[in-house]
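Trainee:
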Amino acid sequence: MLISIRNRLAALKKDRGNYYRPNDIVGLYNELLDQVKVLNRVRAKEHHDNDTYKNRVDSVLDECFQLFSLFYLALGKNKEIPATYVQLVTIKQNFELFNETGIYTDADLEPFQKRLAEIRQLVDAEAAKEEEEDSERDDCSAPKPEILL
1 MLISIRNRLA ALKKDRGNYY RPNDIVGLYN ELLDQVKVLN RVRAKEHHDN
51 DTYKNRVDSV LDECFQLFSL FYLALGKNKE IPATYVQLVT IKQNFELFNE
101 TGIYTDADLE PFQKRLAEIR QLVDAEAAKE EEEDSERDDC SAPKPEILL
């Protein structure tokens with residue numbers, strides 16, 4: 001399924017004759033999130049001592065998230081969480097380079113700190129929104145207590 005999503009994203013990217021339709025992108029993104037939930041359940045049963053353990057599935061997921069991030073940016077959805085993925089990957093790569101070389105100052109880190117704080121606000125706002133939606137959904141689906149006289 002992940003390969004299918006990645007292939008559909010690649011086809012959309014190559015199609016220069018048509019504009020991206022936001023509903024198509026969001027629909028595919030929701031499909032990916034469903035697959036990530038399944039993958040998380042499967043991986044909860046696995047144990048790896050090394051956090052850097054990666055396999056082919058991780059590579060395909062990374063490709064998908066990078067493509068979604070670029071699609072969201074192209075659609076002007078810059079303030080949505082999927083758009084931040086490429087930015088986070090780039091920041092991580094810069095930090096790894098700084099760490100390798102050991103050549104950086106606090107001033108070099110300031111723009112990264114600022115952007116990470118902005119991304120944190122986006123994530124926190126989205127988490128609060130999801131909590132509220134879950135709470136409303138729970139309220140609606142819960143049976144109403146009967147009043148007996």
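Here this note's numbering is used: position 38 in the sequence shown is 38, and no number is missing along the way. All C-beta atoms, glycine included, are put in the ideal place defined by N, C-alpha and C.
1) Can you find the residues in the same chain that come closer than 6 angstroms, C-beta to C-beta, to I91, ignoring five residues on each side of it along the sequence?
2) Alpha carbon to alpha carbon, what distance is there between N30 and G155?
3) Roughly how far, in whole angstroms, is the beta-carbon of V89 from the beta-carbon of Q66, given that I think they are within contact range, below 8 angstroms?
4) K13: buried (16+ other C-beta within 10 angstroms of its C-beta) or exposed?
5) What three-state label does DSSP hand R56 in the structure shown?
6) Only counting runs of 4 or more residues, tell me where the alpha helix (DSSP H) segments fall wholly within the region 85–109, in order along the chain.
7) Return the chain-ordered list of same chain residues with a C-beta closer than 6 angstroms to the C-beta of D9, the five sequence neighbours on each side being excluded.
8) For N18, which three-state DSSP category applies?
9) Assuming contact is defined by CB atoms lying nearer than 8 angstroms, are K79 and L122 in contact in what I supplied?
Mentor: Let me lay it out:
1) F112
2) Residue 155 is absent from the model: the chain starts at 1 and stops at 149.
3) 7 angstroms
4) exposed
5) helix
6) 85–101
7) For the sequence presented, residue 9 should be read as Leu rather than Asp. For L9, where only same-chain residues beyond five positions count, the Cβ hits under 6 angstroms are L67.
8) coil
9) yes
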